[in-house]
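Let me begin by presenting the structure, written as structure tokens, before commenting on it.
2 protein chains.
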Amino acid sequence: MKIITIGREFGSGGRELGKRLADELNFDYYDQEIMDAITEKKAHTSGYVESAVAFHAWRTFPLAFHHSFADEHAIHTNELIAQKEVLEEIVKEGKDCIIIGQDADVILKKENPFRIFVCADLGARIRRCMERAEGKEKEFSEKEMKRNIKRIDKYRAQTRELVSGSKWGQRDGYDLILNSTDWEIKALAKATADFIRSWYKD
Amino acid sequence: MKIITIGREFGSGGRELGKRLADELNFDYYDQEIMDAITEKKAHTSGYVESAVAFHAWRTFPLAFHHSFADEHAIHTNELIAQKEVLEEIVKEGKDCIIIGQDADVILKKENPFRIFVCADLGARIRRCMERAEGKEKEFSEKEMKRNIKRIDKYRAQTRELVSGSKWGQRDGYDLILNSTDWEIKALAKATADFIRSWYKD
């Protein structure tokens, strides 16, 4: 079973990269929205996680921008436990997959995932977020966006430290760190897919 | 003109990667030994840098392990100036090239180089260095090797800070960070060459 994990700075396009990479490689794809939805339903229905994972119920989930700010909430241990449970269910399913965030690289360490981190210059991240937010129900000024980005990245770094004691986004924790600043994500996904094919061939 | 710069942790195989990448892409290749030799001769012969670069005098230089410890010396401003001069001469020549170390990514920033950094787990770096040192004139114990590695990395970080004020090996200073721990450098070079071809195509 091949697992690729993707950590990312907010606004770096890491999630889109993951989705496209999953398409390129024909891997399953999981991100926070998908896992949250699985966890939430699970509270009401026993066996839901297993069947959701097995039947790919999440395939129909769109990539939704406004959901990304869900990251803002405080760190709740219960959520982390639920997250871990879903991750383990995904592993049990045994299908090659890409997992965005969730500190999956740390939690699933013994599965030996290929660990990617995506970063970009702050200016590029603000631009990307402003473009994505256009026409959405809530508009942000550039200044607000910058504040959001920084807050979310801080939250991600904190969660990671809580989960693993290791530093978020530092080179020694990853197999590949990509700077998306000057890339179209589509082209970056193709280039990265080639790189990863070599990795699994080697 | 395409310039690829490679920063690296000592023992990560960054130099070998650069050499192989140069072969893969048919780029010129420069590292510290080559540039030192050019600088040294220059002191005696006016016009030497220009002709050395132009006539590829360095092509015959072997990759020498023991030279790597040349990094140990203190930081001399004169050397940095000489280095810069050679780098500028290389740019003037206008041929696609790969430059190892020398803070070339910072010094040649306006040439918009593709900036790679290569890292690896400390254990892997010690192993690689021990293998390379085998049968050489000076043998190191594992402990000595570890100390050497740390000293050289510290030196590199310091030089970089002196030259640029920016941090060595931090994700925001590079386009691509590669962890060579679990790769054969030959295979990594092929995968990286593919990635870079996509970059220049994009």
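Protein chains in written order, with our numbering: chain A, 1 to 202; chain B, 1001 to 1202.
We put the beta carbon where it would ideally sit given N, CA and C, even for glycine.
What you are looking at is a predicted structure, and each value in this text was computed from that prediction instead of being measured.
Presumed contact (8 Å Cβ cut-off) between residue i and residue j, rounded CB distance
i, j, result
"residue 97 of chain A", "residue 140 of chain A", "Going by Cβ atoms, the distance from residue 97 of chain A to residue 140 of chain A rounds to 32 Å, so no, they are not a contact pair."
"residue 169 of chain A", "residue 13 of chain A", "Actually they are not in contact, since the Cβ atoms of residue 169 of chain A and residue 13 of chain A sit about 15 Å apart, beyond 8 Å."
"residue 130 of chain A", "residue 83 of chain A", "Contact flag wrong, Cβ pair sits at about 29 Å."
"residue 200 of chain A", "residue 99 of chain A", "So it is not a contact: roughly 16 Å between Cβ atoms."
Alpha-carbon spacing of residue i relative to residue j, whole angstroms
i, j, result
"residue 1101 of chain B", "residue 81 of chain A", "44 Å"
"residue 1 of chain A", "residue 95 of chain A", "6 Å"
"residue 226 of chain A", "residue 1011 of chain B", "Since the first and last residues shown for chain A are 1 and 202, residue 226 of chain A lies out of range."
"residue 1019 of chain B", "residue 9 of chain A", "32 Å"
"residue 1060 of chain B", "residue 1086 of chain B", "Model confidence at residue 1060 of chain B stands at a pLDDT of 45, short of 50, so the residue's coordinates are unreliable and nothing is read from them."
"residue 148 of chain A", "residue 155 of chain A", "11 Å"
"residue 122 of chain A", "residue 174 of chain A", "21 Å"
"residue 187 of chain A", "residue 1033 of chain B", "36 Å"
"residue 124 of chain A", "residue 1167 of chain B", "20 Å"
"residue 157 of chain A", "residue 179 of chain A", "18 Å"
"residue 1152 of chain B", "residue 1088 of chain B", "25 Å"
"residue 1135 of chain B", "residue 1144 of chain B", "16 Å"
"residue 194 of chain A", "residue 1108 of chain B", "29 Å"
"residue 161 of chain A", "residue 150 of chain A", "17 Å"
"residue 198 of chain A", "residue 1198 of chain B", "15 Å"
"residue 1093 of chain B", "residue 1183 of chain B", "34 Å"
"residue 21 of chain A", "residue 1111 of chain B", "31 Å"
"residue 1142 of chain B", "residue 79 of chain A", "44 Å"
"residue 952 of chain B", "residue 128 of chain A", "Since the first and last residues shown for chain B are 1001 and 1202, residue 952 of chain B lies out of range."
"residue 133 of chain A", "residue 37 of chain A", "22 Å"
"residue 1118 of chain B", "residue 118 of chain A", "16 Å"
Simplified DSSP assignment, three categories, for residue i
i, result
"residue 1200 of chain B", "helix"
"residue 7 of chain A", "strand"
"residue 1117 of chain B", "strand"
"residue 204 of chain A", "Absent from the structure is residue 204 of chain A, since the part of chain A shown begins at 1 and ends at 202."
"residue 203 of chain A", "No answer is possible for residue 203 of chain A: it lies beyond the span of chain A, which begins at 1 and ends at 202."
"residue 1096 of chain B", "coil"
"residue 194 of chain A", "helix"
"residue 1023 of chain B", "helix"
"residue 1028 of chain B", "strand"
"residue 150 of chain A", "helix"
"residue 164 of chain A", "helix"
"residue 83 of chain A", "helix"
"residue 1013 of chain B", "coil"
"residue 173 of chain A", "helix"
"residue 1130 of chain B", "helix"
"residue 1001 of chain B", "coil"
"residue 103 of chain A", "coil"
"residue 1135 of chain B", "coil"
"residue 1184 of chain B", "coil"
"residue 1122 of chain B", "helix"
"residue 189 of chain A", "helix"
Whether residue i touches residue j by CB criterion (7 Å)
i, j, result
"residue 1185 of chain B", "residue 1016 of chain B", "yes"
"residue 116 of chain A", "residue 146 of chain A", "no"
"residue 1164 of chain B", "residue 1091 of chain B", "no"
"residue 1159 of chain B", "residue 1120 of chain B", "no"
"residue 1191 of chain B", "residue 1024 of chain B", "no"
"residue 104 of chain A", "residue 5 of chain A", "yes"
"residue 113 of chain A", "residue 196 of chain A", "no"
Residue i beta carbon near the ligand NAP (any heavy atom closer than 6 Å)
i, result
"residue 1121 of chain B", "Although the ligand NAP was asked about, the structure shown includes no ligands whatsoever."
Exercise. When Cβ atoms are compared, which residues of the segment 1176-1199 of chain B fall closer than 7 Å to chain A?
Worked result: 1176, 1177, 1178, 1179, 1183, 1184, 1187, 1190, 1191, 1194, 1195, 1198 and 1199
Give me the subset of the segment 1155-1173 of chain B whose CB atoms are less than 7 Å from a CB atom of chain A, sorted by chain position. 1169, 1171 and 1172
If contact means a Cβ-Cβ distance below 8 Å, which residues of the segment 1102-1124 of chain B contact chain A? 1117, 1119 and 1121
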